[in-house]
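To start, the structure under review is shown below, and the notes come after it.
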Amino acid sequence: MHLIAPSVLSADFANLQRDIEMINLSNADWFHVDVMDGVFVPNISFGMPVIKALKKHAMKPLDVHLMIVDPDRYIKDFKAAGADILTVHYEACTHLHRTVQAIKAEGMKAGVSINPHTPVSVLEDIIADLDLVLIMSVNPGFGGQSFIERTYSKLRYLREIIAENNASCLVEVDGGVNDLNAPELVKAGADVLVAGNYVFGASDPVAAIDSIKYF
Ligand code: DX5
Ligand code: ZN
Numbered sequence: 673m674h675l676i677a678p679s680v681l682s683a684d685f686a687n688l689q690r691d692i693e694m695i696n697l698s699n700a701d702w703f704h705v706d707v708m709d710g711v712f713v714p715n716i717s718f719g720m721p722v723i724k725a726l727k728k729h730a731m732k733p734l735d736v737h738l739m740i741v742d743p744d745r746y747i748k749d750f751k752a753a754g755a756d757i758l759t760v761h762y763e764a765c766t767h768l769h770r771t772v773q774a775i776k777a778e779g780m781k782a783g784v785s786i787n788p789h790t791p792v793s794v795l796e797d798i799i800a801d802l803d804l805v806l807i808m809s810v811n812p813g814f815g816g817q818s819f820i821e822r823t824y825s826k827l828r829y830l831r832e833i834i835a836e837n838n839a840s841c842l843v844e845v846d847g848g849v850n851d852l853n854a855p856e857l858v859k860a861g862a863d864v865l866v867a868g869n870y871v872f873g874a875s876d877p878v879a880a881i882d883s884i885k886y887f
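Our numbering puts the first residue of the sequence shown at 673, with every later residue one more than the last.
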């Protein structure tokens, strides 16, 4: 069964505890937490104080997606704030192998994300070291954008690379996920679906979660 990670970026920040409790009581599996620095992406989201506050109430793992340059500087801080899974961008790391090892050394699961224009083949030599690969299905920076169709073939190719290397990482898709594309994404090889606007923009977010979890 695939996992669902609602993106807190689309939550109501003035009612964060209410939205956290909604996810706690739902069939969602993880909290997806988007950190943006205004440099790697053109938007700024939130940082350590908000993640610490989330951690106090969240009863499910925090899946932290760093859209920041030079993430090595903050690995220990994200661990202290409560991250369970820490994902960095391939495009933001000069020494990706070292970064991945540093994340694992802190006792977190290590993920690597690639932008829509980045081919999955660049992950061949790191795939066996990863706990997670995050395929961006929109250009990172904002919630509520439309899904890029090319994602399906990237997923299928990534599955081949995972098999060839006897790797065991999970494959996550992030951006524009909804009830229309979720079944095909899982069929193409996704293990984890992130959904922001589709969940928090729904009149019944719990039902929206179920609609992309059970089909
Ligand atoms: C985009 C973020 C996503 C975003 C997804 O830069 O990484 O996690 O919150 O939001 P939706 O599901 O609305 O595209
Ligand atoms: Zn994300």
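Ideal Cβ placement from N, Cα and C applies to all residues, glycine included.
Taking 7 Å as the cut-off, one finds at least one heavy atom of the ligand DX5 near enough to the beta carbon of F814.
By the C-beta density criterion, T766 is exposed, having fewer than 16 other C-beta atoms within 10 angstroms.
Below 8 Å, too few C-beta pairs join the region 764 to 778 and the region 805 to 817 to call them touching: fewer than three. Under the three-state reduction of DSSP output, L726 falls in the helix class.
Shown here, A755 sits in coil according to DSSP, grouped into three states, outside any helix or strand. Inter-residue distance for T759 and S875 is about 30 Å (C-alpha atoms, whole angstroms).
Environment of the ligand ZN, chain-ordered: D706, H737, D846, taking every residue with Cβ within less than 5 Å of a heavy atom. The residues S883, I884, in chain order, have a CB closer than 7 Å to that of D851 in the same chain once the five nearest residues on each side in sequence are set aside. In terms of Cα proximity to S717, the closest of V680, M731, P743, E693 is V680.
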